[in-house]
Amino acid sequence: MSADAPPATATTAPADTGAPAPAAGRSSGTGPLRRLLNELTRSASGFLGLCLVVAILLLSLIGPLVVGTDVPGDASRAWEGPSSRHWLGLEGTGKDTLHLLVIGGRTVLLVGFLAAGITTVIAVAIGSLAGYFGGRFDAAMLQLTDIVMTVPQIVLLAVVGAFYNLDSPMLLGIIIGVLSWPVLMRSIRAQVLSLKEREFVEAAQLLDVGWVRIVFGEIVPNMASYILINFIIAVTNAIYAMVGLYLLGLAPQKGTNWGIMINDAWTKGAMFNPDAMPYIVAPVTMIVLLQLGLILLTRTLEEILNPRLRDR
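Per our numbering, residue 4 is the first one in the sequence shown, and the count goes up by one each step.
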């Protein structure tokens, strides 16, 4: 698993309607979220992805409230194998592996969603303005993205970590988010270049409602589905980056999260001890299931929200 997983953006463009999307509930008694959920549950892959993501969210966000965050340990029972009392065995300091797995997921999810939120907000804001106004501002933003994209993200994060204390996972999430926006910004800019030529934008310009209303009230809402899909993709990329940093030891090994568990298992040689295998397999499995769920969810959303893909 690499921390420098290349960022990706959805290839699906907003539906070519030529006009703003209709208001929620205008043609149906159910709201757009309810209709979207119904479409997801009708798709086998979408339903599986939704179940995986929801299950891991519940386990990681509610689980710690049930089992507590204080994990007692008994060093004399280090690397004890699975048993009826400890389903995944004990780790190197005698702490329950399942307990650590439950409390370790919350940090991964919070960092992933925080970083994705920051990435999406920056990319949408800059990409929308650059695409709408063009000119020198557009050229400057393109130059900036070229510079940021030429340096591998893992190198940027390592350099930042050398100057700043990354003890706080939230700070790490902010840094990942700030460094991950260029690719999505270019995609948003391309969409805006197309949308700003539509009739509804020209009508708004004739009404002289102001660029803020045109950009963020007319153009951005027409990219809502595209932005949602790319937000989910940004979550997966942020989780890869965060777990990779902890795995490679480039972030402080404090607290508990799945990346730290994998690094701890590697440095202590857990993979050579059959009784200790659950300690490294469990967090890897959780990460794989979470990423699989997000990918299935993304692909299904693309098919639902883009009529051209849905009709294939």
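Positions of the beta carbon are idealized from the N, C-alpha and C atoms, including for glycine. No experiment lies behind these values; they were computed from the predicted model shown.
Checking the DSSP bridge columns, you'll see D141 has no partner listed. Here D278 carries a helix assignment [DSSP, helix/strand/coil]. With at least 16 other beta carbons inside 10 angstroms of its own, F234 counts as buried. Spatial neighbours of I263 in its own chain (CB-CB distance under 6 Å, excluding positions within 5 residues in sequence) are listed in chain order as Y249 and Q256. Rounded to whole angstroms, the separation of the alpha carbons of Y229 and L36 is 15 Å. Annotation: G71 to A241 spans about 26 Å, alpha carbon to alpha carbon. The distance from the Cβ of A285 to that of A279 is about 11 Å, inconsistent with a contact at the 8 Å cut-off. Burial state of N41 is exposed, judged by a 10 Å Cβ sphere holding fewer than 16 other Cβ atoms. In this structure, A78 places its C-beta atom within 8 Å of the C-beta atom of T96.
Closest by C-alpha distance to A142, out of R192, L112, E200 and Q294, is R192. Counted as a single uninterrupted DSSP element, the alpha helix (DSSP H) harbouring Y229 occupies residues A227 to L250. Taking a C-beta distance under 8 Å as the contact criterion, T110 and P172 qualify as a contact pair. The three-state reading of DSSP puts L101 in helix, counting H, G and I together.
Under the three-state reduction of DSSP output, L51 falls in the helix class.
Its chain contains M144 and M188 as the residues whose beta carbon lies nearer than 6 Å to that of I129, once the 5 sequence neighbours on both sides are disregarded; these appear in chain order. Of all C-beta pairs linking the segment 153-160 to the segment 83-93, fewer than three are shorter than 8 Å, placing the two stretches out of contact. Spanning the alpha carbons of N276 and S197 requires a straight line of approximately 57 Å. V56 is positioned such that its CB atom lies closer than 8 Å to that of L297. DSSP lists D99 as the beta-bridge partner residues of L93.
Beyond the five residues adjoining it in sequence on each side, E83 comes within less than 8 Å, by CB distance, of H89, G92, L93, G97 and D278 in the same chain, given in chain order.
By alpha-carbon distance to V105, the top candidate from V114, D73 and S131 is D73.
R88 carries a coil assignment under DSSP once its states are collapsed to helix, strand and coil.
If you ignore the 5 residues before and after W261, its C-beta comes within less than 7 Å of the C-beta of G107, G108, V111, V246, P286, M289 and I290, all in its own chain and listed in chain order.
In the DSSP assignment, R38 falls within the alpha helix (DSSP H) that extends over P35 to R45.
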